[in-house]
Every structure is written in C-alpha cells, then in structure tokens.
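Using our numbering, you'd call the opening residue of the sequence shown number 501 and step up by one each time. The block underneath contains the structure these notes are about, expressed in structure tokens.
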Amino acid sequence: MSRDGTTFEFAPCGKTPSGEALIIPLAAKPRPALQRLAQLDRFCDGAASALVECGEPGEEAGKIGVTTRGGRFRRVCVVSLGDAGKLDLAKLRKAAAATAGWLAGERVAGATLWIDGLLSCDVPKAVAEWCGAMVVAGFRFASMKREDPKAVGRVRVELLAGEKEHVSARLPEVADATTIAGAVNYARRLAHQPPNVINPATLAQEARKLAQQHKLKCTVLDAAQLRKLGMNGLLAVGGGASPGPCLVRLDYNGAPRARTRTVLVGKSITFDTGGYSIKTSGMETMKFDKCGGMTVLGVLKAVCDLRLRCNVTALLAAAENAISAQAYRPSDILRMASGKTVEVTNTDAEGRLVLADALWYAQKHCKPSAMINLATLTGGVVTALGTCCAGLMSNNDTLAADLGECGRRTHERLWRLPLWDDYRDLIKGTDSDIRNSSGTRSAHAIVGGMFLKEFVEDDVPWAHLDIAGAATTDDSKAATGFGVRLLVEYLRR
Numbered sequence: 501m502s503r504d505g506t507t508f509e510f511a512p513c514g515k516t517p518s519g520e521a522l523i524i525p526l527a528a529k530p531r532p533a534l535q536r537l538a539q540l541d542r543f544c545d546g547a548a549s550a551l552v553e554c555g556e557p558g559e560e561a562g563k564i565g566v567t568t569r570g571g572r573f574r575r576v577c578v579v580s581l582g583d584a585g586k587l588d589l590a591k592l593r594k595a596a597a598a599t600a601g602w603l604a605g606e607r608v609a610g611a612t613l614w615i616d617g618l619l620s621c622d623v624p625k626a627v628a629e630w631c632g633a634m635v636v637a638g639f640r641f642a643s644m645k646r647e648d649p650k651a652v653g654r655v656r657v658e659l660l661a662g663e664k665e666h667v668s669a670r671l672p673e674v675a676d677a678t679t680i681a682g683a684v685n686y687a688r689r690l691a692h693q694p695p696n697v698i699n700p701a702t703l704a705q706e707a708r709k710l711a712q713q714h715k716l717k718c719t720v721l722d723a724a725q726l727r728k729l730g731m732n733g734l735l736a737v738g739g740g741a742s743p744g745p746c747l748v749r750l751d752y753n754g755a756p757r758a759r760t761r762t763v764l765v766g767k768s769i770t771f772d773t774g775g776y777s778i779k780t781s782g783m784e785t786m787k788f789d790k791c792g793g794m795t796v797l798g799v800l801k802a803v804c805d806l807r808l809r810c811n812v813t814a815l816l817a818a819a820e821n822a823i824s825a826q827a828y829r830p831s832d833i834l835r836m837a838s839g840k841t842v843e844v845t846n847t848d849a850e851g852r853l854v855l856a857d858a859l860w861y862a863q864k865h866c867k868p869s870a871m872i873n874l875a876t877l878t879g880g881v882v883t884a885l886g887t888c889c890a891g892l893m894s895n896n897d898t899l900a901a902d903l904g905e906c907g908r909r910t911h912e913r914l915w916r917l918p919l920w921d922d923y924r925d926l927i928k929g930t931d932s933d934i935r936n937s938s939g940t941r942s943a944h945a946i947v948g949g950m951f952l953k954e955f956v957e958d959d960v961p962w963a964h965l966d967i968a969g970a971a972t973t974d975d976s977k978a979a980t981g982f983g984v985r986l987l988v989e990y991l992r993r
C-alpha cells in the first residue's frame, strides 16, 4: 500500500478486458433483466447471469457478491446499488467505496468496471461520481507507518460498456471527478499531519510548494507584519507557541478580465489545547482544528488542476493555540485589525479571533465580490446538526442559496442558521465592544457566526461554514475533506 493508501486509475477498456476482476454495479430492484447481461456473459463464461440468478445483488447498497468462476477473470463481483427508485448520490458513493475497499483488501492490481448498470440509474454523472468515490475511498493516512510490501498501491480500472461511445463520452467527466477527488485526498492528507509536522511555519512551506507547482502568487505575513497591520487577534492566539502565527495568502487568476474575486478564508489552528481555558477531553483530535484551512488548500489545488475560469484568493489564518508565559489569557482585551475591542472570556474560542482579523484583511486588501470562511468553529454545531452536514450562516440570501444548491449537488450538505440581531446581546462586551464567547450554551453555533459578522461590512456578501461536525468521521479519527467538492462546484457556476 502506498503512503496515501490505494490509488485508482481509470482508462477505457481495449478490445478485450484484461483486469483480474470484473466489477458489475447493478440495482437490486427491479431485478436486473438477464438479457442486459448477455453481452457481458461472453467475457466471463456466464458468471454475471449466474450471480443474478442466485439472488445477487442484495438489496443493501454496497453489498458485494463474488464468484471465482469467471472465465478470463479470476473473480466476478456484482455490487448492489440497492433499490433503483431510492438510489441517490450517497448510496452510489457507498457502493463505490465498498468496491474500492474490496479491491484493496483482495490486493487486486487490475479490474474491469462494467458501466452499463450505472448509465441506467438516475444519479447525474453516475460513472464519474463512482470513479471519484473510489479515489476518495482509497485514501489512508499511512505515511507514519511501515509500508506493507504485499499491498497493491495502485489499481488500474478499465471502463467497459456495451457501446464503446458510452465510455469515450464519459472520460472527460471521469477525469474531472477524479481530479477533484485527488484534491479532497490532498486536503485530508494535510489535515491528518500531526502538530510536530504541520505548524504555522511548515504549513506556509506547504502553501509555497502548491504555489510553485501551479505558478500562483504566495504571500506569507509573519508576526512582525501582522503587528503592523494590527492583527492582534491572530497574534494573541498564536503568541503562546513557537513558531508563531502567520497569515498565508495565495492568489489564483483564472479570469484576468473579470472583476469578480472569491476569497476563501480557512481557520488553520495547527493544534488547539484550548489555551488557559484548557480542553478537559478530546485534545488528541485537535490536529484536525486546521481542517478549514486544509479544505481551502484542497479547493485551490482542484481549481488549478481544472484550470477554472475564475479568480480566487485563499487566506489561511495559521496559529497554534498553546499554553506558555506568552499565551493570551481570559480577561485580556484585544484591539482587532478592524479597530473593535474584544474581551477574551474563553481562550478556547480562538478560531473566531483569527478569522475575524483574516476577514478584515480580505476586505481591505483583496477586493472580494464574495467571502466564504470555513472553520471547525463550535461544538454547538455538532450538537445541533451532527456530522452529516455543516452549518451555514450568511449575510446574503443569494450567496446562501447558491451554496445550499451546490451542497445538494455534491452531497456536502449545508443547513442555514439565522444571524438575527436578537442574538447580538450574547456577545455584548462589558469593558469592550464585544466578547469572544457568551459563556452559555445558548445558540452556541450562532454566537460564533454573530461574532464573525461583526467584522464583515454589510455590502460584502459573506458566508460562514461551520464544519466542526462534517470535517471528520463520526469517531473523529479521520478527516473527510468536507467542503472541497462543494466549493469547487460553487466556483464552476
């Protein structure tokens, strides 16, 4: 197995299939017509029809039925798509992920994928989505482990159809989907890096590497430059650690004549102890507190690889929230880059402080037509929404609707939460303009959004995505890359 798990590559099938295994995705209901499999049977000595006659595929999406009597194929697999009437993108991806896991587990180096069963389903771009899902499912963060010499690191998958033009017509879609999936895995790989590997300085190096590969302009503002700009929120959060904080800026100009520019701002806390408001549990998962920024880098990689005609600026507010004699304290009052003062009532509400300065910088130095920030900001959004979607807060209905539609298209779903003025009293300061935490559980996720709204001018369309639940798996042991597909879809529109 490679350092990032199993890599899947896709190509059209030649005159005769050459894979070790034949993969046949089929809907379980209605039962597949055997005549549809007749052309396929000639490649596998009737194994496809035989499996169906024996009751395959099962009704659960992702269930795999296997026979070793497959003619030129060592194994023939029927993969269930479930009930065709209930098939959606999530179930399709589940079936593709199960297939990827089976191929990796069985150490299959080459496979043939029969796509006719995907062409007949109602999921848009089903073949491309299947291939992209296999790429995402193949990822495993294994760079800190010894390599398994017996594992297959790369699997070549041939695409086979009853009509050759069905394959050739979908190759561009497959290329796009696998490119985006690769960017998702890039974001996941960075998110998984431990804090002794990724800190603000090494994160800046990673950004420079991406910029060099794609000829992007990269600017890194160090502590001295941040101090000149009055970015005391970012400085305070990162002041207790070494190396100190920085703001990373990457500019992509894919549409030089256009006057629009989307600014993506990512919370990039490379490790979060909670500061003096120290976390009492779960600290070992806090390397994932940089997932917002890693998603932004993943989006930018996909945008570059796809050569999208848009203008994008990525900002990473990078810091480590540590405890030391130099760390900021509860009751500190910070004058932010905007001029507003903030009383620190909770040093574990650090993400909003670094984002506030970054959002203000974006408005003053990047001329955004829209700003979107991503952050693992609050546990409250996990309580409210769980892990199957992210919270969306916005000052602009059009932007919110566009992002919501892109979330539905990519199955990276968003649920909008209000930013009514009624909530402002929760962050009203006593000796300062505002405070960074209300001190209560009331409207916990919304309080984070209300705080950020204080640093956004009314005429700038802005959206805040709280991805604290969706950024990792249910057990918080793996990054998902949530937001990459969503934002690439948004930028393509």
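Where is the CB? At the ideal position from N, CA and C, for every residue including glycine.
Close Cβ partners of Ser502 (< 6 Å) along its chain, the five nearest in sequence each way excluded
Legend: pLDDT at Ser502 = 46, less than 50; position of this residue unreliable, no value from coordinates given.
In this structure, does DSSP put Val995 in helix, strand or coil?
Residue numbering for the chain in the displayed model covers 501 to 993; residue 995 lies beyond these limits and cannot be assessed.
Measuring alpha carbon to alpha carbon, tell me which of Trp630, Leu603, Gly585 ends up nearest Lys594.
Trp630
Leu815 in three-state terms, based on DSSP
strand
The alpha helix (DSSP H) with Lys867 in it runs from where to where?
Per DSSP, Lys867 belongs to no alpha helix (DSSP H) and is neither H nor E.
Among Phe955, Leu734, Val667, Thr507, which has the Cα closest to the Cα of Phe639?
Thr507
Report the three-state DSSP secondary structure of Leu589 (helix, strand or coil).
helix
Cβ contact (3+ pairs, closer than 8 Å) linking the region 720-730 and the region 740-751
yes
Cβ-based burial, Asn696 [other Cβ within 10 Å; buried from 16]:
exposed
Kindly confirm or deny that the region 576-587 and the region 618-634 touch, where touching means at least three C-beta pairs closer than 8 Å.
yes
If you draw a straight line from the alpha carbon of Gly792 to that of Arg992, how long is it in whole angstroms?
20 Å
Should Leu987 go down as buried or exposed, given a rule of 16 or more other Cβ atoms within 10 Å for buried?
buried
In three-state DSSP terms, what is His964?
strand
Same chain only: Cβ atoms within 6 Å of Glu673, ignoring 5 sequence neighbours per side:
Lys625, Ala628
According to DSSP, is Lys645 helix, strand or coil?
coil
Measure how close the beta-carbons of Gly733 and Leu589 come, nearest whole angstrom, since I'm counting them as under 8 Å.
About 39 Å separates the two Cβ atoms, so there is no contact after all.
At the level of alpha carbons, what is the spacing between Met893 and Val947?
11 Å
Runs of beta strand (DSSP E) lying entirely within the region 741-793, each at least 3 residues, in chain order:
746-753, 762-772
Contact between the region 792-810 and the region 708-715 (3+ Cβ pairs under 8 Å)
yes
May I ask you to report which of helix, strand or coil DSSP gives Met893?
strand
In this structure, how does DSSP classify Ser976 when only helix, strand and coil are distinguished?
coil
Mark Gln693 as exposed unless 16 or more other C-beta atoms lie within 10 angstroms of its C-beta, in which case mark it buried.
buried
Thinking C-alpha only, which one of Ala633, Arg574, Leu618 is nearest Glu606?
Arg574
Just the C-alpha distance for Ala609 and Arg913, rounded to the nearest angstrom, thanks.
34 Å
Relative to the C-alpha of Cys917, which residue among Thr930, Cys889, Arg835 is closest?
The sequence given here places Leu at residue 917; Cys does not occur at that position. When only C-alpha atoms are compared, the closest one is Cys889.
Please determine if the region 868-880 and the region 766-776 are in contact, where contact requires at least 3 C-beta pairs separated by less than 8 Å.
yes
Please classify Cys577: is it buried, with 16 or more other beta-carbons within 10 angstroms of its beta-carbon, or exposed?
buried
Assuming Glu706 is part of the alpha helix (DSSP H), what are its boundary residues?
700-714
At what residue ranges does the region 900-964 contain a whole run of the alpha helix (DSSP H), taking only runs of 4 or more?
944-953
If you check the beta carbons only, do Ser580 and Ile564 fall under 9 Å apart?
yes
C-beta contact flag for Val667 and Ala611 at 9 Å
no
How is the beta strand (DSSP E) around Thr672 delimited, first residue to last?
Sequence check: residue 672 is Pro here, not Thr. First-last for Pro672: 671-692, but that is the alpha helix (DSSP H), not the beta strand (DSSP E).
Cβ pair Gly682, Val737 closer than 9 Å:
no
Nearest to Arg569 (by Cα), restricted to the options Leu551, Lys864, Arg935:
Leu551
Would you report the Cα separation of Ala707 and Thr841, rounded to the nearest angstrom?
31 Å
Out of Asp931, Ala755, Ala825, Leu816, which one is the CA nearest neighbour of Gly775?
Ala825
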